[in-house]
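>
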Amino acid sequence: MVKKIYRGEPGGKVKVILPSGRSRHLRHVLLHSPTGFAWGYEGSGPADLAMSLLCDVLGERPSRKQLIYGRFKAYPHHQDFKHQVVSHWKIGRTFEIDSESIAAWLRQRGAEV
Numbered sequence: 154m155v156k157k158i159y160r161g162e163p164g165g166k167v168k169v170i171l172p173s174g175r176s177r178h179l180r181h182v183l184l185h186s187p188t189g190f191a192w193g194y195e196g197s198g199p200a201d202l203a204m205s206l207l208c209d210v211l212g213e214r215p216s217r218k219q220l221i222y223g224r225f226k227a228y229p230h231h232q233d234f235k236h237q238v239v240s241h242w243k244i245g246r247t248f249e250i251d252s253e254s255i256a257a258w259l260r261q262r263g264a265e266v
């Protein structure tokens, strides 16, 4: 697995920093929040951030149908990841987490990474 760093900045922007040093925006896997990402509480923006982080680590790009029926690897874990991790980041502050930490969290839950 290639180690990536995810950095959230005030305003809901989340960058994926690749080992090369290049960065890209985290793809928004839209399920709960049409207004985008958020963190620091247990709402729809944090739920979509949790889902998007898990999907990126797992290499998933779920279709609309998969989103509706929850038929992809990240789906059963995103609410717990939101509750245990994303909701603890401070609102309006920068956060940083790496893909290895997310993968370890998934493995602890028995997920195949």
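Each number in the working numbering comes from the position in the sequence shown (counting from 1) with 153 added on. For each residue, glycine too, the CB sits at the ideal point set by N, CA and C.
If contacts are defined as beta-carbon pairs under 8 Å, then G161 and T247 qualify, I think. What distance do you get, rounded to the angstrom?
Position 8 of the sequence shown holds residue 161. Position 94 of the sequence shown holds residue 247. Confirmed, about 6 Å.
> For V155, count neighbouring Cβ atoms within 10 angstroms of its own Cβ and tell me buried if that reaches 16, exposed if not.
Your numbering for residue 155 matches position 2 in the sequence shown. It is exposed - the Cβ of V155 has fewer than 16 other Cβ atoms within 10 Å.
> With S176 as the anchor, note down where its alpha helix (DSSP H) starts and where it stops.
Numbered from its first residue, the sequence shown carries residue 176 at position 23. Element bounds for S176: not the alpha helix (DSSP H) but the beta strand (DSSP E), 176-178.
> Just how far apart, CA to CA, sit A191 and V167?
Numbered from 1 along the sequence shown, position 38 holds the residue referred to as residue 191. Numbered from 1 along the sequence shown, position 14 holds the residue referred to as residue 167. Looking at the two C-alpha atoms, the distance is approximately 9 Å.
> Return yes when the Cβ of V239 is within less than 9 Å of the Cβ of P199, no when it is not.
The residue given as residue 199 occupies position 46 in the sequence shown. The residue given as residue 239 occupies position 86 in the sequence shown. Closer than 9 Å, so yes.
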